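Structure, as C-alpha cells:
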Amino acid sequence: MLNPIKLSSKNFLSSLNTSYDEFLHILELAKSFKNKDLNIKLKEKVLGLIFDKASTRTRVSFQVAMSRLGGTTVDLNPTTSQIGRGEPIRDTARVLSRYCDIIAIRTFNQSDLEEYAKWSTKPVINALTDLEHPCQALADFMTIREEFIDFKNVVLTFIGDGNNVANSLILCGALLGVEVRIACPKGYEPNYLVVNKAKEIYKDKNLLKITNDIFSAVEGANVLYTDVWSSMGEENQKEEKDKDFLGFSIDSNLVQNADKDAIILHCLPAYRGKEITNEVIESKKSRIFEQAENRMHAQQALLSCLLS
Ligand code: CP
Ligand code: NVA
Numbered sequence: 125m126l127n128p129i130k131l132s133s134k135n136f137l138s139s140l141n142t143s144y145d146e147f148l149h150i151l152e153l154a155k156s157f158k159n160k161d162l163n164i165k166l167k168e169k170v171l172g173l174i175f176d177k178a179s180t181r182t183r184v185s186f187q188v189a190m191s192r193l194g195g196t197t198v199d200l201n202p203t204t205s206q207i208g209r210g211e212p213i214r215d216t217a218r219v220l221s222r223y224c225d226i227i228a229i230r231t232f233n234q235s236d237l238e239e240y241a242k243w244s245t246k247p248v249i250n251a252l253t254d255l256e257h258p259c260q261a262l263a264d265f266m267t268i269r270e271e272f273i274d275f276k277n278v279v280l281t282f283i284g285d286g287n288n289v290a291n292s293l294i295l296c297g298a299l300l301g302v303e304v305r306i307a308c309p310k311g312y313e314p315n316y317l318v319v320n321k322a323k324e325i326y327k328d329k330n331l332l333k334i335t336n337d338i339f340s341a342v343e344g345a346n347v348l349y350t351d352v353w354s355s356m357g358e359e360n361q362k363e364e365k366d367k368d369f370l371g372f373s374i375d376s377n378l379v380q381n382a383d384k385d386a387i388i389l390h391c392l393p394a395y396r397g398k399e400i401t402n403e404v405i406e407s408k409k410s411r412i413f414e415q416a417e418n419r420m421h422a423q424q425a426l427l428s429c430l431l432s
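Residue numbers (my numbering): 125 to 432.
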C-alpha cells in the first residue's frame, strides 16, 4: 500500500520545495485518495488557516481534506484575530505553532510567508502569495496526468498575466521536464527570478518559451491554461489591465489551433468573457471542475506527507 513519505523540506512555500520524486509521490497519493484506495487517519491534528485574501477553493478544500484525514482546522480570520491588528509575524507564528500542527497561509508578500516559516516550529504551507500558488500547481499537474498519463511530450500553454499561477506552473514544469509556453502582453512577463530558476533546472533543454504571440504559443499545445488578468491586490489596475490584455483570451477560435485532444484549465475564479469565454469553460475540452476537485485530493496528499 502506498504511504505518505516524509518530505525533505519541512515547509511547502514554493513549488520547488519538493524534489521530482516527492512531487510524483504526492500525485500518486492524491490519486489513491481520490479513488478511495487510501484511508489514512492523522488523529487530532490541527491545521491553522490564515487568509489575508479571499478564498473559496483553497479554504474549503483544505478544511475538507483535513476532515477526511481525521483532523480539524482553525480558521484564523485576520479581521477577528490579532493578525489584522498587525501583531508581529514572529509572535503570531511562535504562538500558533504551540496550538496547531501545521499552518496554511494566504498572503501578499512571499517574504511574510517566509517569516512565518522561520518562526514557526510547525510546517507552513503557501496557500497563495503574490509570487506563487504551489498548491494550485499540484492539482493542475494531477489533472494533466489524469488526462495524459505521464508528462512526456505534454505542451502546457498559459495565456495571460505572468502572475503567481504562471510562476508555479513554470517552476513545476521545470521540475517535471514539461514544455511550458507563456503568452502574455508585453510588460506582463513572469517574474525574472522564477524564469531564471526554471531555466537553470531545465539545463540545456529549451522547454520554457515566453512570447507575446498567442497563436504561436497555442499551436499544437495539449493544455491551454488561463487565469484572471488582475489578481487579488491589483484591483486598482483593473481598468488598465483590461485594455492591455485584450486579445489574450481563450475562445473557441484559439482552441482550434491547439492539439485536437487539448484540454482547458483555469484555476478559478474566472471572469467569463474576459480571459476565457463562457463557451470554452462549458466545452467538452474543459477539465476546470475536475481541476478544482483535485485541489482537495492533492492537498490531502500534501498534508499527509507534511504531517508524517
Ligand atoms: N484557485 C483558488 O485558489 O481559488 P480560491 O481563491 O477560491 O481559493
Ligand atoms: N492569480 C489569482 C489567482 C486566484 C486563485 C490571484 O492571485 O488573485
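Cβ atoms here follow ideal geometry from the backbone N, Cα and C, with glycine treated the same way. Because the structure is a prediction, the values reported are computed rather than measured.
- In this chain, residue 136 is not harboured by any beta strand (DSSP E), its DSSP state being neither H nor E.
- Between residue 356 and the set 308, 177, 269, the nearest pair of CA atoms involves 177.
- Not a single heavy atom of the ligand CP lies less than 7 Å from the C-beta of residue 335.
- Taking residue 259 as reference, the option from 142, 274, 316 with the minimal CA-CA separation is 142.
- Under the three-state reduction of DSSP output, residue 320 falls in the helix class.
- Distances between the C-beta of residue 368 and the heavy atoms of the ligand NVA are all 7 Å or more.
- Around the C-beta of residue 218, fewer than 16 other C-beta atoms lie within 10 Å, and the residue is accordingly described as exposed.
- If the five residues before and after residue 129 are omitted, its C-beta is found closer than 8 Å to the C-beta atoms of 146, 149, 429, 432, all from its own chain and listed in chain order.
- Exclusion of the five residues before and after residue 166 leaves 193, 194, 195, 428, 431 as the residues of its chain whose Cβ lies within less than 7 Å of its Cβ.
- By the neighbour-count definition (other C-beta atoms within 10 Å, threshold 16), residue 125 is an exposed residue.
- Excluding residues up to 5 positions away in sequence, 255, 256, 314, 315, 318 lie with their Cβ nearer than 7 Å to the Cβ of residue 291 in the same chain.
- Secondary-structure assignment with DSSP links residue 396 through a beta bridge to 400.
- Excluding sequence positions up to five before and after residue 262, its CB lies within less than 6 Å of the CB of 422, all in the same chain and listed in chain order.
- Between residue 350 and residue 283, the C-beta gap is smaller than 8 Å, which places the two residues in contact.
- Within the segment 137-170, the complete alpha helix (DSSP H) segments at least 4 residues long are 144-158, listed from N- to C-terminus.
- Checking the 7 Å criterion, the Cβ of residue 396 is out of range of every heavy atom belonging to the ligand CP.
- As for any beta strand (DSSP E) of minimum length 3 sitting wholly inside the segment 202-289, the runs are 226-230, 248-250, 279-283, ordered along the chain.
- Per DSSP, residue 425 is one residue of the alpha helix (DSSP H) stretching across 412-430.
- Relative to the Cα of residue 311, the nearest Cα in the group 229, 158, 368, 301 belongs to 368.
- Between the segment 370-379 and the segment 231-240, the count of C-beta pairs closer than 8 Å stays below three; the two stretches do not touch.
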